[in-house]
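Input: a single structure, listed below in structure tokens.
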Amino acid sequence: MSQELLVNVTPQETRVAVLDNGSLQEVHIERTRSRGLVGNIYQGQVSRVLPGMQAAFIDAGLQRTAFLHASDLRARYAAATGEGGDPPPIQQLLREQQKLMVQVVKDPIGSKGARLTTQIAIPARTMVLLAGNPGIGVSARIEAETERERLRSLAQTITAATPEDGCILRTAAEGADQAALQRDWDFLQRLWADIRRRAEHAQPATLLHEDLPLVLRILRDLVGEEVERVRVDSREWHERMIDFSEAFLPDAGSRLEHYPGERPIFDLYGVEDEIQRALQRRVQLKSGGYLIIDQTEALTTIDVNTGGYVGHRTLEETIFKTNLEAAQTIVRQLRLRNLGGIIIVDFIDMEEAEHQRQVLRALSKGLERDHARTQVSAISSLGLVEITRKRIRESLQHQLCEVCPTCAGRGYLKSAETVCHEVTREILREARQFEFSRLLVLAAQDVVDRALEEEGDGFAELEAFIGKPIEFQAEPLYNPEQFDVVLM
Numbered sequence: 008m009s010q011e012l013l014v015n016v017t018p019q020e021t022r023v024a025v026l027d028n029g030s031l032q033e034v035h036i037e038r039t040r041s042r043g044l045v046g047n048i049y050q051g052q053v054s055r056v057l058p059g060m061q062a063a064f065i066d067a068g069l070q071r072t073a074f075l076h077a078s079d080l081r082a083r084y085a086a087a088t089g090e091g092g093d094p095p096p097i098q099q100l101l102r103e104q105q106k107l108m109v110q111v112v113k114d115p116i117g118s119k120g121a122r123l124t125t126q127i128a129i130p131a132r133t134m135v136l137l138a139g140n141p142g143i144g145v146s147a148r149i150e151a152e153t154e155r156e157r158l159r160s161l162a163q164t165i166t167a168a169t170p171e172d173g174c175i176l177r178t179a180a181e182g183a184d185q186a187a188l189q190r191d192w193d194f195l196q197r198l199w200a201d202i203r204r205r206a207e208h209a210q211p212a213t214l215l216h217e218d219l220p221l222v223l224r225i226l227r228d229l230v231g232e233e234v235e236r237v238r239v240d241s242r243e244w245h246e247r248m249i250d251f252s253e254a255f256l257p258d259a260g261s262r263l264e265h266y267p268g269e270r271p272i273f274d275l276y277g278v279e280d281e282i283q284r285a286l287q288r289r290v291q292l293k294s295g296g297y298l299i300i301d302q303t304e305a306l307t308t309i310d311v312n313t314g315g316y317v318g319h320r321t322l323e324e325t326i327f328k329t330n331l332e333a334a335q336t337i338v339r340q341l342r343l344r345n346l347g348g349i350i351i352v353d354f355i356d357m358e359e360a361e362h363q364r365q366v367l368r369a370l371s372k373g374l375e376r377d378h379a380r381t382q383v384s385a386i387s388s389l390g391l392v393e394i395t396r397k398r399i400r401e402s403l404q405h406q407l408c409e410v411c412p413t414c415a416g417r418g419y420l421k422s423a424e425t426v427c428h429e430v431t432r433e434i435l436r437e438a439r440q441f442e443f444s445r446l447l448v449l450a451a452q453d454v455v456d457r458a459l460e461e462e463g464d465g466f467a468e469l470e471a472f473i474g475k476p477i478e479f480q481a482e483p484l485y486n487p488e489q490f491d492v493v494l495m
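In this text, residue positions in the sequence shown follow the numbering used here: the first is 8, and each later residue adds one.
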């Protein structure tokens, strides 16, 4: 499968689109004023220890205090002390005002602060340095056992001089020779030494190391053999990418292209339209069926419907074909929308066990290409499939949208009839408390029309009951739920 990366750069924002055979699979967005924090290393200070949660809040100089769980601290403790068994509770490992070096593993999401770890991991092209954590791991995506053993043997040789540090061989290490691995290891050791030097004299809440900007990070992490070319619409960033590739990715330089066209590069490939569609609840399937995707704070639900697809054979065959197409589409939507956490998929009920197995197989196979770690459960007795996908950054919807100020995130508005009844109750409330000669109701046009027409008899009876006239005035700037009752 051929892959292409498109890079769109403006002074305020950088966007990267990942295309597989011309189809948009992922969108990465980084805004100049709100860059992601994952990978950044800080000199933190413990602001509060929570024994009941076995966690601590850390002041790392971010907008909100960040969260450190005991599990991220104990592994570091065990590696440093070499002690096995149950590690001590967090209140014995940390104290308030204590300084410690931390790294962001999850960006702030919603009202939650960043998630931290003390297990420092610094990535290069072919490997990740595990500072102070000895051991060698190999990416699960490298499947050939002979290659895994070759890489492990090379890594043991390379890391022998610094036994206190370990590493993980990344997917990009497949086929790499010892010289390439040695070059990355030496670079990481120099970088880690520099971070430690700065940490010695740094005040709390100080940034010690910042990860690469999005464009260079994409080059480092995503440009493998399957990527045919990378097109960028900024001449300045094209030159920076060339310099970066010459230093770290010599094989990638020939695939970097500057796009000088007048038409925006995302428009040229239809990416803008795809992004707009990815913000909608409904996803149309080619067969005529459709998905409904709803994000909540706790989880994401995906409902599969046959829609206009009636099939040509049996009902079971129609349902199976719809579910099979839905499984393939869901895989793409998870990556495109960057949905994380718990995802519940409500497939259409299938009677045949073989059909269930094929749908699950299609779902699992498609997720193998996902860079985020995922797990898929079996179909439950209710016909539901639970997927967990590692959440590192905000979803596309949360990055590009904000909560509607009118509906406050409900996704729907009160009807004009409901608002009229609220107006009635407010008038009765005011009439019991205050003296006035007449009432003026300010509301949206639809509410005023409803009050004067369908609800006209009701408000006439209300006028007779309170003994005062009621007037209505449409306010064009009012939202459909907003109204005011003015005493005259």
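Ideal Cβ placement from N, Cα and C applies to all residues, glycine included.
Being a predicted model, the structure only gives us computed values, none of them experimental.
Alpha helix (DSSP H) containing residue i: first to last residue?
i	result
Ser371	Ala360 to Leu374
Val39	According to the sequence displayed, residue 39 carries Thr and not Val. No alpha helix (DSSP H) holds Thr39; DSSP gives it neither H nor E.
Glu323	Leu322 to Arg344
Phe497	The question about residue 497 has no answer, for the chain in this structure spans 8 to 495.
Gly465	Gly463 to Ile473
Asp377	Segment: none, Asp377 is in no alpha helix (DSSP H) and carries neither H nor E.
Pro281	Reading off the sequence shown, one finds Glu at residue 281, where the question assumed Pro. Val278 to Arg284 is the extent of the alpha helix (DSSP H) around Glu281.
Val112	Taken as a continuous stretch (DSSP letters only), Val112 belongs to no alpha helix (DSSP H), being part of the beta strand (DSSP E) at Lys106 to Lys113.
Arg132	First-last for Arg132: undefined, no H or E at that position.
Arg417	It is not in any alpha helix (DSSP H) - Arg417 carries neither H nor E in the DSSP assignment.
Ala458	Gln452 to Leu459
Apart from the five residues on each side of it in sequence, which residues of its chain come closer than 7 Å, Cβ to Cβ, to residue i?
i	result
Ile225	Leu12, Val23 and His35
Arg342	Gln32, Glu33 and Asp377
For residue i, collect the residues of the same chain with a Cβ closer than 8 Å to its Cβ; drop the 5 residues on either side in sequence, then sort them by chain order.
i	result
Ile399	Val45, Val112, Lys113, Asp114, Gly347 and Ala379
Thr164	Gln185
Pro220	Thr21, Glu37 and Arg42
Ala183	Thr133 and Leu158
Looking at residue i: is its Cβ nearer than 7 Å to the Cβ of residue j?
i	j	result
Glu393	Ile351	yes
Gly120	Thr72	yes
Glu217	Asn47	yes
Ile129	Leu195	yes
Ile143	Arg159	yes
Ser241	Val16	yes
Ala212	Gly68	yes
Phe466	Ile473	no
Lys421	Glu324	no
Arg236	Arg270	no
Asp193	Ala138	no
Gln19	Thr39	yes
Val53	Gln105	yes
Ala305	Arg344	no
Asp353	Asp301	no
Arg122	Phe64	no
Glu332	Leu292	yes
Arg205	Leu215	yes
From what residue to what residue does the beta strand (DSSP E) around residue i run?
i	result
Ile65	Ala62 to Asp66
Leu494	Phe490 to Leu494
Thr307	Leu306 to Asn312
Leu214	Thr213 to His216
Phe441	Looking at the DSSP string, Phe441 is not in any beta strand (DSSP E), and its letter there is neither H nor E.
Leu57	Ile48 to Leu57
Arg396	Leu391 to Arg396
Val237	Val234 to Val239
Gly298	With the sequence shown as reference, residue 298 is identified as Leu, and Gly is not the correct amino acid for it. It spans Tyr297 to Gln302 - the beta strand (DSSP E) in which Leu298 sits, taken as one unbroken run.
Asp27	Glu20 to Asp27
Val352	Gly348 to Asp353
Val14	Gln10 to Val16
With a 10 Å radius around its C-beta and 16 neighbouring C-beta atoms as the bar for buried, classify residue i as buried or exposed.
i	result
Gly59	exposed
Asn28	exposed
Gly117	exposed
Leu370	buried
Ser444	exposed
Cys408	exposed
Met495	exposed
Ala360	exposed
Asp356	exposed
Gln382	exposed
Thr413	exposed
Phe441	exposed
Gly463	exposed
His245	buried
Ala62	buried
Leaving out five residues before and five after residue i in sequence, what residues of the same chain have Cβ atoms less than 6 Å from its Cβ?
i	result
Ala259	Val230 and Ser252
Gly314	Gly295, Gly296 and Tyr297
Arg238	Leu13, Glu264 and Tyr266
Glu279	Phe273
Gln98	Val56 and Pro58
**Asked** Fully enclosed by the region 146-194, which beta strand (DSSP E) runs are 3 residues long or longer?
**Response** 173-176
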